[in-house]
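Notes for the one structure printed next.
Numbering (our numbering), first residue to last: 768 to 908.
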């Protein structure tokens, strides 16, 4: 659970999809959640709560949608696309839906986001920070 958050803090969030190879191996072995240890030959757990962490991290790491203030009153969007050329998604927020769409363009990115009413935030890409306002936001970086 904590590894994806640590990867992001260390600037290694783009490696998250590759790190999920461990999760894919668990699934291939018929496990329904993360094994208790990486030595899957000698362990089994069908009740470990961390098994659902990719469901959260797809939004928080890959799409980059996270809370930036108490009560989610401000949104931080910092995607980690890894090798993905294009991706999008939406996530519920107390004020409505947050929607994002990303497409790599050369060495840059085109990022579209839709924030709910009364919700502000910021977008972070390669050390640059851009303000986001309620409604539609389009960035070409």
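Glycine included, each C-beta is placed from N, C-alpha and C at the ideal position.
Residue i - DSSP class collapsed to helix/strand/coil
i: residue 772; result: helix
i: residue 829; result: helix
i: residue 866; result: strand
i: residue 824; result: helix
i: residue 777; result: coil
i: residue 754; result: Any property of residue 754 remains undetermined from this structure, which presents the chain solely from 768 to 908.
i: residue 837; result: helix
Same chain, Cβ closer than 6 Å to residue i, neighbours up to 5 away in sequence not counted
i: residue 853; result: 870
i: residue 883; result: 860, 862, 863
i: residue 866; result: 857, 881
i: residue 868; result: 855, 879
Alpha helix (DSSP H) segment containing residue i, residue limits
i: residue 789; result: 788-795
Residue i and residue j closer than 8 Å at C-beta
i: residue 889; j: residue 847; result: no
i: residue 780; j: residue 828; result: yes
i: residue 856; j: residue 826; result: yes
i: residue 895; j: residue 908; result: yes
Cβ-based neighbour list, residue i, same chain, cut-off 7 Å, excluding 5 preceding and 5 following
i: residue 839; result: 860, 861
Unbroken beta strand (DSSP E) run spanning residue i, endpoints
i: residue 713; result: The requested residue 713 does not occur in the structure, where the chain is confined to residues 768 to 908.
i: residue 850; result: Segment: none, residue 850 is in no beta strand (DSSP E) and carries neither H nor E.
i: residue 898; result: 895-899
Own chain partners of residue i with C-beta closer than 8 Å, once the 5 adjacent residues on each side are dropped
i: residue 835; result: 841, 842, 843, 888, 889
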